[in-house]
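Undergrad: In our numbering, the protein residues as written are 6 to 311.
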Ligand SMILES: [Zn+2]
């Protein structure tokens, strides 16, 4: 998949194209309507974009192409803060946050400028590309179709992880532009899905609370199944496992889930792996809730996909 971005001389995005491996082209055409309002210190703007998805098809291997057909259109508006006032989040992760891809260390050191804003148009193009690459997977596509329309997306430099889901505001956060990837997005989308699936949401199981380990492990299993099913060698559930033998056994379990679906026999082994995760994961261990059977969102997302 590749992206072509057309910008004007001010650097604003005029057009972004994404082409699929089979040659079909999807065009994103944001048309700006900008209204400004200003207060004393902060300059706020509301920026709206209309995304039109166009597609052309070829039935003869790319020699001739159909004329572009409008597949869908929708408008999204974002408020942005411009320079000088550094809008810093109100004291960190607070309640209801899920932070993922812990990279250790954080970004201490030369203390970069802080930022906290709704994604810029160019970042929205990247985000949509990541979304589209996930959407062709049965289970991930199901998750996307359930949660995408209600989600907000922000960039926040205070994250200690690549991505985070804030259940309180139904927002997926990224730490920087480079973190807008299908991998980061996938896990946070699943947290959003868990939040809609479980009757009381997942805020009550958020960071540092009983059940946090259960909710995180379910997301890792979903992630690992996606990656395995789609040919990526990328694993989250094995982090901290003490040796290669145990890691391999976990990977084999995931591969069977891919091949056979979540059979009773395979799901019967779920808690063994959850317990190992709770023993060994350097960040997510220690908040296991024995009474919480958090596999429902996973099973629901996978249903009909085998
Ligand atoms: Zn997570």
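Glycine included, every Cβ here is placed at the ideal spot set by N, Cα and C.
All figures in this text were calculated on a predicted structure; none of them were measured in a lab.
How should residue 223 be labelled, buried or exposed, when 16 other C-beta atoms within 10 angstroms of its C-beta is the threshold for buried?
TA: For this step, residue 223 is matched to residue 218 along the chain shown. It counts as buried.
Undergrad: For the stretch 241-255 against the stretch 282-298, are there 3 or more C-beta pairs whose distance is under 8 Å?
TA: yes
Undergrad: Between residue 196 and ligand 1, is there a pair consisting of the residue's CB and a ligand heavy atom that are separated by less than 7 Å?
TA: Here residue 196 refers to the residue found at position 191 when the chain shown is read from its first residue. Yes; taking the cut-off as 7 Å, the Cβ of residue 196 has a heavy atom of ligand 1 nearer than that.
Undergrad: Once you ignore the five residues that flank residue 305 on each side, which residues in its own chain have a CB closer than 7 Å to its CB?
TA: Numbered from its first residue, the chain shown carries residue 305 at position 300. The residues are 202.
Undergrad: Evaluate contact between the stretch 186-198 and the stretch 141-155, counting only Cβ atoms and requiring at least three cross-stretch pairs below 8 Å.
TA: yes
Undergrad: Apply the 10 Å Cβ neighbour rule to residue 265 and answer buried if 16 or more other Cβ atoms are within range, or exposed otherwise.
TA: In the chain shown, the residue the question calls residue 265 occupies position 260. Exposed, by the Cβ-count rule.
Undergrad: Give the range of the alpha helix (DSSP H) segment to which residue 190 is assigned.
TA: Here the question's residue 190 lines up with position 185 in the chain shown. Element bounds for residue 190: 187-202.
Undergrad: Return the CA-CA distance between residue 230 and residue 175, expressed in angstroms with no decimal places.
TA: Locating residue 230 in the chain shown gives position 225, where the first residue counts as 1. Locating residue 175 in the chain shown gives position 170, where the first residue counts as 1. So the two alpha carbons sit approximately 24 Å from each other.
Undergrad: State yes or no: is the beta carbon of residue 264 nearer than 8 Å to at least one beta carbon in chain C?
TA: No chain C appears in the structure shown, which is made up of a single protein chain.
Undergrad: Is any heavy atom in ligand 1 found nearer than 7 Å to the beta carbon of residue 223?
TA: Within the chain shown, residue 223 is the residue found at index 218, counting from 1. It does not: the Cβ of residue 223 is nowhere closer than 7 Å to a heavy atom of ligand 1.
Undergrad: Identify every run of the alpha helix (DSSP H) within the stretch 249-283, keeping only runs that are complete inside it and at least 4 residues long; order them along the chain.
TA: 249-265, 269-272
Undergrad: Assign residue 123 to buried or exposed, taking buried as 16 or more other Cβ atoms, counted over all protein chains shown, within 10 Å of its Cβ.
TA: Position 118 of the chain shown holds residue 123. Buried: at least 16 other Cβ atoms inside 10 Å.
Undergrad: How far does the alpha helix (DSSP H) with residue 146 in it extend, from its first residue to its last?
TA: Translated into the one-based positions of the chain shown, residue 146 becomes position 141. Residues 143-152.
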